[in-house]
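Before any comments, here is the structure.
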């Protein structure tokens, strides 16, 4: 069975600082991995996805993530945090393209002025 | 990317009544759609897989008689919450994808409040 674990339910960084949100996955087959962002009372927005092409994936809003098979990780990073990045972030895994997605527990990102 | 539309975006209903949520793929055909539920400050949990022309597949712990799913066409799946209770209040969101896509597309979600 597939699953994802997000380490840290809440991460707080200063504006301009590095953002690092951790995600580890478990999958019996080569996975498809995603990061989504959710602003309060809104739906999901796809930040980026890994679909077995390049291991370093660049997404929207300056975010990127690196797929590391040896570590079963797919951590999300952004070099410099903006206040507008404050939101809930979900790591997710799927074993088939455009199939059901299993979400992590989420990480709330807060940005300090 | 493809567009998935949910309706309504918000609904308030009385305890004991039923409410229907629609999920439409606007510019593609979806033989499979997925329904998720998100309680406040929690993650999204897959409820069921909706299959066009056949019965839905429910995840463990989800009552199929309470959450009725109908996928009568290739562009529409509906979720009906029957005999709603306040504990059913949640954010319900659907997704769909088509062959060849590298991701599933999500609807905007439906905020259900049962009073």
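Chains as they are written, first to last, in the numbering used here: chain G, 1 to 113; chain C, 114 to 228. Glycine is no exception: its CB is placed at the ideal position from the N, C-alpha and C atoms. On a predicted model such as this, the values are computed, not experimentally measured, just so you know.
| Check | Outcome |
| --- | --- |
| Contacts that residue 105 of chain G makes with chain C (C-beta to C-beta distance below 7 Å) | 156 |
| Exposure label - residue 83 of chain G; buried when at least 16 CB within 10 Å | exposed |
| Counted within 10 angstroms of its Cβ, other Cβ atoms place residue 201 of chain C as buried (16 or more) or exposed | buried |
| Selection from G/103, G/7, G/90, G/52 that minimises the alpha carbon distance to residue 97 of chain G | G/52 |
| Helix, strand or coil at residue 66 of chain G according to DSSP, with G and I counted as helix | strand |
| CA-to-CA distance, residue 188 of chain C to residue 209 of chain C, given in whole angstroms | 9 Å |
| Nearest neighbour of residue 148 of chain C, chosen from C/172, C/116, C/123 [CA to CA] | C/172 |
| Candidates C/146, C/140, C/215, C/127, of which the one nearest residue 160 of chain C by Cα | C/146 |
| Three-pair Cβ contact test at 8 Å for the region 20 to 36 of chain G versus the region 90 to 110 of chain G | yes |
| Buried or exposed by the 16-neighbour rule on C-beta atoms within 10 Å, applied to residue 44 of chain G | buried |
| Other residues of its chain near residue 203 of chain C: CB distance less than 7 Å, five sequence neighbours each side excluded | 150, 151, 152, 225 |
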